[in-house]
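Take a look at the structure below.
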Amino acid sequence: MQIHAAVTPAQGEAFSFETVDLAEPGGGEIRVRLVATGVCHTDAVAWELGIAPFPIVLGHEGAGVVEAVGAGVSTLAVGDHVVLSFAHCGHCDRCLTGHPTVCADFNELNFGGRMDDGGHRLSRDGEALATFFGQSSFASHAVVKAGNAVKVDPEVDLALLGPLGCGIQTGAGTVLNRLKPGVETSLVVYGGGAVGLSAVMAARLVGCRQIIAVDVLEERLALARELGATHVLNGKSEDVVERVREITAGGSDYAVETTGVPAVVRQSLQALRPLGVSAIVGVTPQVTLDVHQDLMAEGKSMIGVIEGDAVPRVFIPQLVAHYKAGRFPFDRLVTFYEFADIHRAFEDSKRGTAVKPVLRM
Ligand code: CXF
Numbered sequence: 265m266q267i268h269a270a271v272t273p274a275q276g277e278a279f280s281f282e283t284v285d286l287a288e289p290g291g292g293e294i295r296v297r298l299v300a301t302g303v304c305h306t307d308a309v310a311w312e313l314g315i316a317p318f319p320i321v322l323g324h325e326g327a328g329v330v331e332a333v334g335a336g337v338s339t340l341a342v343g344d345h346v347v348l349s350f351a352h353c354g355h356c357d358r359c360l361t362g363h364p365t366v367c368a369d370f371n372e373l374n375f376g377g378r379m380d381d382g383g384h385r386l387s388r389d390g391e392a393l394a395t396f397f398g399q400s401s402f403a404s405h406a407v408v409k410a411g412n413a414v415k416v417d418p419e420v421d422l423a424l425l426g427p428l429g430c431g432i433q434t435g436a437g438t439v440l441n442r443l444k445p446g447v448e449t450s451l452v453v454y455g456g457g458a459v460g461l462s463a464v465m466a467a468r469l470v471g472c473r474q475i476i477a478v479d480v481l482e483e484r485l486a487l488a489r490e491l492g493a494t495h496v497l498n499g500k501s502e503d504v505v506e507r508v509r510e511i512t513a514g515g516s517d518y519a520v521e522t523t524g525v526p527a528v529v530r531q532s533l534q535a536l537r538p539l540g541v542s543a544i545v546g547v548t549p550q551v552t553l554d555v556h557q558d559l560m561a562e563g564k565s566m567i568g569v570i571e572g573d574a575v576p577r578v579f580i581p582q583l584v585a586h587y588k589a590g591r592f593p594f595d596r597l598v599t600f601y602e603f604a605d606i607h608r609a610f611e612d613s614k615r616g617t618a619v620k621p622v623l624r625m
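In the working numbering, the protein residues as written are 265 to 625.
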């Protein structure tokens, strides 16, 4: 069928709204009519730095309604509300042991530009268009593997839910699935974007005693407070390591580092108490560490976490339930844009005036 999509013709080139062809869903696949899709930092990285092939249809935080199911799909039906998450093979040892975020084929399936059978589902005048994260949700419709689609509660506004498939799952999952802090612990979140603020909300959910948010934008810090931060620090004007040590009487138990800025990655370690753990979530170019001083001397650890170590089909419905119960108000992060305003959504995200832009298709 013909659909409407924002095509990225080449690295850094403006999105071009076009009518393109979408194949029928094959075995194990579904077609989704997208209602909305979040804009994530990784879309911007792919657009600007070209980490996936071009021409491509980006977008990987889609939410929509199942419109057709291919052969062999028994878990979803036409009319179901779904959130689209990252692609994973489902049969490697990591997928089978509950860690699809480190699927053996994660990079190939999400950034390789093709579906799991090596083919494309999108084309323009016979020319293949690359797929992003197995979904390419900057479009009116998408064909995806049923295993990457998560059925969600139809009572909740579907337009809000796309970011649960990536950014919000990443922040909340890092706390709830990986760090699992106990009550009475302290946790510092570096960076007050959608990922960081989701980590703040998750830390409040589990009852961390001290939740310290660090950012350089005062508006972000104010929002962090409203969402559960007990303390906020402005990284521009305060000595963060010193202040965290003061507030926590010696260093934090946990850190969630979302900025990817090398100096901040080091701060996240330096401000830990002995035996503390820092989860590295932000995409980081290269960081130089004094391994002895920053890690060994005090038994600290640093762990990398992708997509909150989540099993989306388990975790996303849990987040939706927390939202419904008023315990996880992630809607506070969302600013809606019309699909046609995609460039403005990207600019606002870059400038920091929108925490989580969501495009209505
Ligand atoms: C990405 C972050 C970088 C590693 C792969 C997954 N998540 C969302 O965009």
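Where is the CB? At the ideal position from N, CA and C, for every residue including glycine. Since this is a predicted model, take the numbers as computed values, not measurements.
- Of the residues ARG509, ARG484, ARG473 and ASP479, the one whose Cα lies closest to the Cα of THR494 is ARG473.
- For LEU485, the CB contacts under 7 Å within the same chain, skipping 5 residues up- and downstream, are GLY456, ALA477, ASP479, VAL496 and ASN498 in chain order.
- A distance criterion of 8 Å places the beta-carbon of VAL547 in contact range of ligand 1, judged by its closest non-hydrogen atom.
- At least one heavy atom of ligand 1 sits closer than 8 Å to the Cβ of ILE570.
- Distances between the C-beta of GLY431 and the heavy atoms of ligand 1 include at least one below 8 Å.
- Remark: C-beta atoms of GLU282 and ALA332 do not approach each other more closely than 9 Å.
- ASP479: member of the beta strand (DSSP E) spanning 474 to 479, first to last residue.
- For VAL505, the CB contacts under 6 Å within the same chain, skipping 5 residues up- and downstream, are GLN531, GLN534 and ALA535 in chain order.
- At a threshold of 8 Å, HIS352 does not count as near ligand 1, since its beta carbon sits no closer than that to any of the ligand's heavy atoms.
- Taking 8 Å as the cut-off, the C-beta of THR306 counts as close to a heavy atom of ligand 1.
- Listed in chain order, the alpha helix (DSSP H) elements of length 4 or more contained wholly in the region 357 to 404 are 357 to 360 and 370 to 375.
- Here ARG591 carries a coil assignment [DSSP, helix/strand/coil].
- Three or more beta-carbon pairs separated by less than 8 Å are not found between the region 577 to 594 and the region 562 to 569, which leaves the two stretches without contact.
- For THR434, the distance from the CB to the nearest heavy atom of ligand 1 is below 8 Å.
- Taking C-beta atoms as the reference points, ILE294 and LEU360 fail to come closer than 9 Å.
- Minimum Cα-Cα distance from LYS500 among the listed residues ALA527, ALA513 and LYS614 corresponds to ALA527.
- Per the C-alpha coordinates, the member of SER516, GLY290, GLU510 and THR548 positioned closest to VAL525 is THR548.
- With respect to the 9 Å criterion, GLY460 and GLY492 are not classified as neighbours on the basis of their beta carbons.
- In the structure shown, SER280 falls within a strand segment according to DSSP collapsed to helix, strand and coil.
- The alpha-carbon of ASP381 is positioned some 22 Å away from that of ALA403.
- The beta-carbon distance between GLU312 and GLY276, rounded to whole angstroms, is 6 Å. This is short enough to meet the 8 Å contact definition.
- Remark: three or more beta-carbon pairs, one from each stretch, lie closer than 8 Å, so the region 612 to 622 and the region 301 to 308 are flagged as touching.
- With 16 or more other Cβ atoms inside 10 Å of its own Cβ, VAL407 counts as buried.
- DSSP places PHE610 within a helical segment (H, G or I) once states are collapsed to three.
- SER338: not part of any beta strand (DSSP E); DSSP gives it neither H nor E.
- About 5 Å separates the beta carbons of VAL619 and ALA458, which is inside the 8 Å limit, making them a contact pair.
- A Cβ-Cβ distance of about 5 Å is found for the pair ASN374 and ALA351, placing them in contact under the 8 Å criterion.
- Pairing ALA327 with GLY429 gives a Cβ-Cβ distance under 9 Å.
- Here the distance from the Cβ of HIS363 to the nearest heavy atom of ligand 1 is not below 8 Å.
- In this chain, GLN275 is not harboured by any beta strand (DSSP E), its DSSP state being neither H nor E.
- By alpha-carbon distance to VAL578, the top candidate from ALA413, HIS355, ASP389 and GLU602 is ALA413.
- Taking 9 Å as the cut-off, the beta carbon of VAL529 is found closer than this to the beta carbon of GLU521.
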